[in-house]
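Participant: In this note's numbering, the protein residues as written are 76 to 358. Beta carbons are placed, not taken as given, at the ideal position from N, Cα and C, and that holds for glycine. Can you read through this structure? Questions will come right after.
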């Protein structure tokens with residue numbers, strides 16, 4: 076696989092089929108298809124590959140691919156932006172083209188549910204991979220030979236790369252630019268996007284919101300009562316967060332929203348009347 080250069084663009088093919096997700100396809104277009112006047116030459120040449128016109132997801136618009144479906148097999152990088160029908164098998168022709176591209180040395184990339192397509196083609200067997208959190212159970216159950224990483228943004232198991240849903244596609248796309256052209260190039264592209272140039276692939280996809288006991292609502296008054304009952308102790312914020320059924324980060328955010336102060340500020344001795352032996356809330 077050629078990584079390309081500013082003199083000879085790296086060929087990127089995006090699979091476009093009926094009901095493809097516009098966002099993930101747009102990520103590929105934005106990163107690898109648009110001209111970058113800030114960079115010398117043209118690092119990438121992108122083609123959308125399919126049989127058109129193709130109706131995109133929910134029928135908001137149709138798209139006419141710029142290249143035939145068979146062109147996928149000739150690309151340096153092939154991107155599968157999603158699995159449009161994850162409950163049904165992919166067309167055999169698409170799976171065969173992906174296998175041909177891989178045999179020809181192409182870099183194979185999936186965004187979101189596109190990992191299911193790669194798994195159907197056998198391209199994830201024995202490899203680490205991720206997918207959108209909604210499809211983790213399905214990928215794990217249907218393809219036991221895949222080493223599924225359920226809670227990461229993207230996985231680099233060169234030459235196969237998989238990203239979780241939506242915004243994680245941007246993270247992986249920028250990671251590929253970094254691999255191909257270095258930090259300076261990816262910083263330029265990320266700045267143009269107003270997006271972080273680097274989020275680690277092993278960063279969590281999704282943080283669950285705090286779950287409280289049924290019918291319960293955290294209150295500053297209840298926490299204050301707890302603090303007053305433990306005036307002779309140094310109380311870590313993490314303990315208060317646990318009592319409120321929140322992560323420490325969420326607790327800081329919630330507490331400041333409720334009081335316009337931080338927990339440690341409110342926990343100063345003066346905040347609770349002070350006095351010898353008054354408790355302290357510590358970070």
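Could you tell me the distance, in whole angstroms, from the CA atom of residue 84 to the CA atom of residue 317?
Facilitator: 53 Å
Participant: Taking one C-beta from the segment 210-219 and one from the segment 118-136 each time, how about it: are there three or more such pairs within less than 8 Å?
Facilitator: no
Participant: One question on the structure: do residue 319 and residue 298 come within less than 9 Å of each other, judged by their Cβ atoms?
Facilitator: yes
Participant: Enumerate in chain order the residues of its own chain whose CB-to-CB distance from residue 113 is below 6 Å, with the five nearest sequence positions on each side excluded.
Facilitator: The residues are 263.
Participant: At which residues does the alpha helix (DSSP H) containing residue 236 begin and terminate?
Facilitator: Where residue 236 is concerned, there is no enclosing alpha helix (DSSP H), although the beta strand (DSSP E) it sits in stretches over 235-238.
Participant: Return the residue from the list 146, 143, 159 and 118 that minimises the CA-CA distance to residue 132.
Facilitator: 159
Participant: Does the distance from the C-beta atom of residue 223 to that of residue 206 stay below 9 Å?
Facilitator: yes
Participant: Does DSSP put residue 175 in a helix, a strand or coil?
Facilitator: Of the three classes helix, strand and coil, the one that applies to residue 175 here is helix, per DSSP.
Participant: Checking the sheet assignment: what are the DSSP bridge partners for residue 223?
Facilitator: 204
Participant: Quick one: what's got a C-beta closer than 6 Å to residue 172's C-beta in the same chain, skipping five residues either side?
Facilitator: 147 and 148
Participant: Could you pull out every residue in the same chain whose Cβ sits closer than 6 Å to the Cβ of residue 119, ignoring the five residues on either side in sequence?
Facilitator: 84, 85, 87 and 107
Participant: Only counting the same chain, and skipping five residues up and downstream in sequence, which positions put a Cβ closer than 6 Å to that of residue 193?
Facilitator: Apart from sequence neighbours up to five positions away, the residues of its chain that approach residue 193 with a beta-carbon distance below 6 Å are 185 and 199, ordered along the chain.
Participant: If residue 155 and residue 189 are in contact, beta carbons under 8 Å, what's the gap, nearest whole angstrom?
Facilitator: 4 Å
Participant: Given that a residue counts as buried once 16 or more other Cβ atoms are within 10 Å of its Cβ, and exposed if not, what is residue 162?
Facilitator: exposed
Participant: Can you say whether residue 96 is buried or exposed, counting buried as having 16 or more other CB atoms within 10 angstroms of its CB?
Facilitator: buried
Participant: State the DSSP-derived secondary structure class of residue 348, mapped to helix, strand or coil.
Facilitator: Since pLDDT at residue 348 reaches only 42, below the 50 mark, its modelled position is unreliable, and the value read off the structure follows with that caveat. DSSP places residue 348 in coil when its eight states are reduced to three.
Participant: Please classify residue 128 as buried or exposed, where buried requires at least 16 neighbouring CB atoms within 10 angstroms.
Facilitator: Exposed is the label assigned to residue 128, since fewer than 16 other Cβ atoms lie within 10 Å of its Cβ.
Participant: Hey, how far is the Cα of residue 271 from the Cα of residue 265?
Facilitator: 6 Å
Participant: How is residue 185 classed by DSSP in three states: helix, strand or coil?
Facilitator: In the three-state reduction of the DSSP assignment, residue 185 falls in the strand class.
Participant: Taking the straight line between their C-alpha atoms, what separation do you get for residue 211 and residue 225?
Facilitator: 6 Å
Participant: Closest to residue 312 by CA distance: which of 323, 303 and 302 is it?
Facilitator: 323
Participant: What span of residues does the alpha helix (DSSP H) with residue 97 cover, start to end?
Facilitator: 97-107
Participant: In this structure, how does DSSP classify residue 327 when only helix, strand and coil are distinguished?
Facilitator: In the structure shown, residue 327 sits in a helix (DSSP, three-state: H, G or I).
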